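Engineer:
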Amino acid sequence: MANSPHAPPVGEDAWLALVEEESRIKARDISGRIDVLERYKQAVNAEYGGIRIWIAYCEYFWSLYLDCSSYTTNSHGLSHEEKLVGREVFSLDAALSLWQQGYEATRYRLNDSHELWNRWVALEMELLSRTRTNQGVQRITHLFKNRLQTPHRTWDETSQMFSTFLSEYNKAEYETTMLEITSNSTDARKIWDERETYEIKLGRARAEGHLEEEKAVMVEYLDWEMRQNRNKDAYQQALLVEICLGLYSRALTGIFSREDSVWTDYVVWLSSLYTVLSSGRAQASDLARILPNLLDTLQRAVSHCPWSGTLWARYILGAEEAGLSYDNLERIKHAATASSQLDRDGMAGVIDLYAAWCGFLKRRAMNPNATDEDADVAEIGLSAALEDVQVWGKRLYGNEYKGDPNFRLERILTQYLTEKKATVDAARNYWNQLSKNDIHADSYNFWLAFYMWEMSVFSTHKGRSGRSPTPASLASRNFRIPSLATNVLARAVQRRSIDWPEKVMEIYVQHCNDYETPDVVRRANDTVHKGLKMVNKRRQQEQAAAYTAQIAQYQEQTQAPPATGEVVQDADDTSSRKRNRDDDPGETPESSSKRIKQETEAEEQRVKRDRENTSIYVSNLPPPPESNQTKVRQYFRDYGHIRNIIYKPQRDGKTAVAMIEFDAPDQVQSALLRNGKYFGPQQIEVTPAAGTTLYVTNYPPHADEAYICDIFKDCGEVFSVRWPSLKVDTHRRFCYVSFRDAEGARKATKLDGKVLEKKYKLVAKYSNPDNKKQREGAVEEGREVHVTNVPQEAKEADVKALFDKYGTVERVRILTNQYGKSRGTAFVVLATKEEADLAVSGLDKANFENHILKVEKSVPKKYKPVSKAGPSMSPSPGPSGSKDEHGEHPVLDYDHDAKPKQGQSASRTFALIGIPDTVNDARVRALVAPHGQLAKLTLRPDHGGAILEFTDAATAGKAQLSLDGIDFEGRKLKTGSVSALFHEKGETTIDRVDVKHVATASSASVKNKSKATSATLMPPPSTIVRRPVLGSKGQKRGLGFGGVINKELKAEAPSSGPTTNGGEAAVPAGGKKSNADFRALLLNSRPKKDTEAQRSTAETGDKAGENTSTNGNGDGNDN
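For the sequence shown, UniProt numbering gives the first residue as 1, with consecutive numbering after it.
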């Protein structure tokens, strides 16, 4: 059909090209031009709602009207007689009526229907300008009112046009009419506003030439639109159905004109609406007028997608339902088989078509009013269809074609032979022939269908005669037994290569218990017992082999050397560039060294986790509440110690998937034995998760989970995105992306090196904890030198020249403040550690331009609990070694010494509390930016919040009110004072199946004992709130005390009374404080520097230990 020499074109472009060609050849006289109009009619019927075809059609008809109505001679070749005929055929009324038809056909194409309407109303107004009649004014006013009550993209422009029209033609009614229009068009504007987000996304993708993105948005848009007409009143339902039809018109005459899946969705949606209409459940009584004819829609569908057997099958079914004759259905079937594209996607489309055809033949023959001829046609047609499919498969695949695994045509034939012809033996022979084919004999579904057929025959014959067709044995004289059905199951059980032996055995035993004699039941139990032992043994061998193969493949992939040109993450640059930024002026060297020592000890105690090789996927779980995280844990707890479970219901609502992490790989092998077992009513699938997780970094700072999923949307299904905690380093920017299968992860690694937003070079590699050492850079290798007291006028080239004599200088970086002036500090990276040592010994305390330099080796800093960002900073610096597409580092330096005094900033500063510790400052800034201009943002993940400083107090006040109670990342945030933030404990995430909370000691002796034994007896400690003790002086260490106390927070107020732990003056004995007291307290209790207050040095158990070990680079072991 689609490939015949005279097949009609497909798509608007093809139709327009054909009409243009015929217009050039034929349109030389009046009859030729009428032929062109007939072709236009075919085009608008074939491309339902095609805006460009309708515009071309109306424009062409209008040109014919103008040619024929003109009394002057023209060059179009029309004689005077032809003009006279043309004035009758191409009249003004006919032309305007055609414009009206085009508008109605494209009215609900919200995005582009204005293109036709604007042209039409311009012609109407041009005619009115010549006549200026009241009838013409009323007509155009009616057109505008109708248009403004229709949702469309250019509503404001249409309203402006109407306003201009009224000002010129009906000024007296201007105000009344415009008020009426504004009131009546509220629903139309609301409908457009609800869809504007999708329209903007579509327009942006189209403008940027991203076809795949445009398709994805359109599919999402269609799915959303189809759900909108449910549970609406009659008017709303009809309107929303028309809007959905308009959207499908745009899709199916545009980017999806050849997409069979979208055509199928459209046909199913229309079919569902017809079902609602026929059942009387439709709210809109005129729904039948709105909906296009289903059979015409199917005809258009198969002409656009002639390879889709599903659409051809629906076309045949629709024709049968519409009562078309046998000859018409046969023509449809022949048109499908004549198309060389039917087998484009293999034999699936061919079998779908023939299954629909055979179903029609069977139903026609089994109709009570069927004639003998109908039965003969069915018998011949069914056999011929089976032969045709077999020949087609052999021609396509040769001897490799084994038939339809679902034996659809064969089942139709056996049903026909059994019920219509009553030739049970012939049908049974056919079943037996099928059982000799391995593709059927190895299928549980085949044996179940065969068994059910035998049982139906048994029941039918027993009901008719009271006797079973099976001869009675001596042991069963008193009752009849379906021995043939038993024999079918016995044959299935003996089949070692069957795909679901457990289920077959279960049915076999149940059947024997229900129908057979005790000796047969005993033998069946014996057979099943032996068979299950063999099956379990085979399953274990298969699982072990599969797991070993997957682990080997994964290790081969992760151990493969990087290809030439690949960027391997390096830790040198970011560490050097952020060294001074992360120094806290309120932190003493002693406290810093103690904290680093404590973290190093905690890191040594941490048990290394290897998620990639100790995790499994469990799919096809029943949906909640039949399954949940707790039930899954209980189901698998006997196979090993479960560290973590991620449980996610699927979008279809029918199944759920879980990712389970065990302690060791051998526990994974044990858990794989659950593959194929039943969890409630469903058979689950258990597969290893090795090779499915990627380490991803150097994406934009503002990226969230949706952004990451969008990057990998074409690779496969992303199961989870795991972010690291920022408590130990706020400059971390990496995550772990787990795919549903290893193939998706493999495809995702191909995006390694992709440039995002013209700036960030993405890193996407297999996650492997053993790769940590590969990610260390110049600081860890001892190649970076820290230089202070550098002259302000010195340039990087001057410093490089100074160090060149000691070796190869790879990079020099002078830190600058926000105004671009040197801070007198530089970091120099040399090629080797030996060269760096030589430079330190030669240049330390050397004179450089009258400045005595201090030169020392850079020391790695791991603990970065605070992130500060000013207005000119690039927030959330990239991971180590991250570069833009030009190889440059996109992160700016920032001088934290250049900050306003606390007295100036207090009124415009507040804290945002409740932020997850995995959210970086860039995402917080994006959340806050719409509420006012920020002067500075300080992220405090150790306290679960951020300190926000705005440019003025008024903006800060409004922002605090707006942000209080806002939803963010599934959390409800709150605002408060900075001191309130420092009283927050921060987020504590503990895996309930792995680590339990450690009870806080209540006495000093218990504290000391806990401290002494924590290194050996306790798992990684949970978060402990450390507060200063009443009357204490200086900084305290150990259980119950904070690491660094903000000096200003503990400073005494001017009052002479005693102070509390919070540093606030106690209430005077004389009574309440006065306003002057509060003012003095406020002005004197503000901190002068941004220092850390009440830091919890003992981080959250497993998370703290793991996050510390990554050094901000990630090693596959973060939490």
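Backbone N, C-alpha and C fix where the C-beta goes; we use that ideal spot for every residue, glycine too.
Here the structure is a predicted model, which is why all the values come from computation and not from measurement.
Mind the definition here: the stretch 157-174 touches the stretch 131-146 only if three or more C-beta pairs lie below 8 Å; say whether that holds.
Structural biologist: yes
Engineer: If you draw a straight line from the alpha carbon of residue 41 to that of residue 681, how long is it in whole angstroms?
Structural biologist: Cα to Cα, residue 41 sits roughly 56 Å from residue 681.
Engineer: Under a Cβ-count criterion, where at least 16 other Cβ atoms within 10 Å of its own Cβ denotes burial, should residue 347 be classed as buried or exposed?
Structural biologist: buried
Engineer: Using 8 Å as the cut-off, can you tell me whether the stretch 656-675 makes contact with the stretch 616-624, which would need three or more C-beta pairs spanning the two stretches below that distance?
Structural biologist: These segments touch.
Engineer: Taking 8 Å as the cut-off, does the stretch 367-379 touch the stretch 335-351 (at least 3 CB pairs, one atom from each stretch)?
Structural biologist: With a cut-off of 8 Å, the stretch 367-379 and the stretch 335-351 do not count as touching, because too few Cβ pairs lie within range.
Engineer: In the DSSP assignment, find the beta strand (DSSP E) that holds residue 735 and state where it starts and stops.
Structural biologist: 734-739
Engineer: Quick one: what's got a C-beta closer than 7 Å to residue 441's C-beta in the same chain, skipping five residues either side?
Structural biologist: Cβ within range, chain order: 435 and 495.
Engineer: Residue 184 lies in the alpha helix (DSSP H); which residues open and close that run?
Structural biologist: Taken as a continuous stretch (DSSP letters only), the alpha helix (DSSP H) holding residue 184 covers 174-184.
Engineer: By Cβ distance, which residues of its chain are closer than 6 Å to residue 35, with the 5 residues on each side in sequence left out?
Structural biologist: Sequence-distant partners of residue 35 (beyond 5 residues in either direction) whose C-beta falls short of 6 Å from its own C-beta, in its chain, are 26.
Engineer: For residue 402, count neighbouring C-beta atoms within 10 Å of its own C-beta (all shown protein chains included) and say buried if the count is 16 or more, exposed if not.
Structural biologist: The C-beta of residue 402 has fewer than 16 other C-beta atoms within 10 Å across all chains shown, which makes the residue exposed.
Engineer: In or out: residue 225 buried (at least 16 other Cβ within 10 Å) or exposed?
Structural biologist: buried
Engineer: Output needed for residue 783: all residues of its chain with C-beta closer than 6 Å, excluding positions within five of it in sequence on either side, in chain order.
Structural biologist: 829, 830, 833 and 836
Engineer: Below 8 Å on the Cβ atoms is my guess for residue 912 versus residue 973; work out the distance and round it to an integer in Å.
Structural biologist: Indeed, because the Cβ distance is near 6 Å, the residues count as touching under 8 Å.
Engineer: Quick one: any contact between the stretch 386-406 and the stretch 422-429, if contact means 3 or more CB pairs under 8 Å?
Structural biologist: The stretch 386-406, when compared against the stretch 422-429, does not touch it at the 8 Å Cβ threshold.
Engineer: Within 10 Å of its beta-carbon, does residue 624 have 16 or more other beta-carbons around it, so buried, or fewer, so exposed?
Structural biologist: Exposed, since its Cβ has fewer than 16 Cβ neighbours within 10 Å.
Engineer: Label residue 173 either buried or exposed according to how many other C-beta atoms from any shown protein chain fall within 10 Å of its C-beta, with 16 as the threshold for buried.
Structural biologist: Flag for residue 173 reads exposed.
Engineer: Leaving out five residues on either side along the sequence, give the residues of the same chain with a beta carbon under 6 Å from the beta carbon of residue 956.
Structural biologist: If you ignore the 5 residues before and after residue 956, its C-beta comes within less than 6 Å of the C-beta of 908 and 950, all in its own chain and listed in chain order.
Engineer: On the three-pair Cβ rule with 8 Å, is the stretch 786-793 touching the stretch 848-859?
Structural biologist: yes
Engineer: Taking the alpha carbon of residue 983 as the reference point, which residue from 457, 942 and 364 has its own alpha carbon closest?
Structural biologist: 942
Engineer: Within the continuous beta strand (DSSP E) that includes residue 423, where are the two ends?
Structural biologist: Counting along the chain, residue 423 falls outside any beta strand (DSSP E), and DSSP gives it neither H nor E.
Engineer: Quick check: the Cα distance between residue 1023 and residue 631, rounded to an integer number of angstroms?
Structural biologist: With a pLDDT of 39 at residue 1023, under the threshold of 50, the modelled position of this residue cannot be trusted, and the question is left open.
Engineer: Tell me whether residue 250 sits in a helix, a strand or coil according to DSSP, three-state version.
Structural biologist: helix
Engineer: Decide if residue 637 is buried, meaning its Cβ has at least 16 other Cβ atoms within 10 Å, or exposed.
Structural biologist: exposed
Engineer: For residue 269, which residues in the same chain have their Cβ closer than 6 Å to its Cβ, ignoring the five residues on either side in sequence?
Structural biologist: 226
Engineer: Which residues in the same chain have their Cβ closer than 6 Å to the Cβ of residue 9, if we skip the five residues on either side of it in sequence?
Structural biologist: 15 and 18
Engineer: For the pair the stretch 148-160 and the stretch 108-126, tell me if three or more CB-CB distances fall below 8 Å.
Structural biologist: yes
Engineer: Look at the alpha carbon of residue 508 and the alpha carbon of residue 493, and state the distance between them as a whole number of angstroms.
Structural biologist: Each residue's alpha carbon lies about 8 Å from the other.
Engineer: Report the rounded CA-to-CA distance for residue 515 versus residue 482, giving the unit in angstroms.
Structural biologist: Cα to Cα, the separation comes out at about 7 Å.
Engineer: What residue does the beta strand (DSSP E) around residue 764 start on, and which one ends it?
Structural biologist: 763-766
Engineer: Bridge partners for residue 822 per DSSP, in chain order?
Structural biologist: 816
Engineer: Residues bridged to residue 852 by DSSP?
Structural biologist: 847
Engineer: Going by DSSP, what residues sit across from residue 791 in a beta bridge?
Structural biologist: DSSP lists no beta-bridge partner residue for residue 791.
Engineer: Would the beta-carbon of residue 792 fall within 7 Å of that of residue 822?
Structural biologist: yes
Engineer: Can you list, in chain order, the residues of its chain whose CB lies under 6 Å from that of residue 229, leaving out five sequence neighbours each side?
Structural biologist: 237, 240 and 241
Engineer: Would you check if there are 3 or more beta carbon pairs closer than 8 Å linking the stretch 728-748 to the stretch 689-709?
Structural biologist: The stretch 728-748, when compared against the stretch 689-709, does touch it at the 8 Å Cβ threshold.
Engineer: Could you name the residues of the same chain whose beta carbon sits closer than 7 Å to that of residue 527, not counting the 5 residues immediately before and after it, in chain order?
Structural biologist: 493
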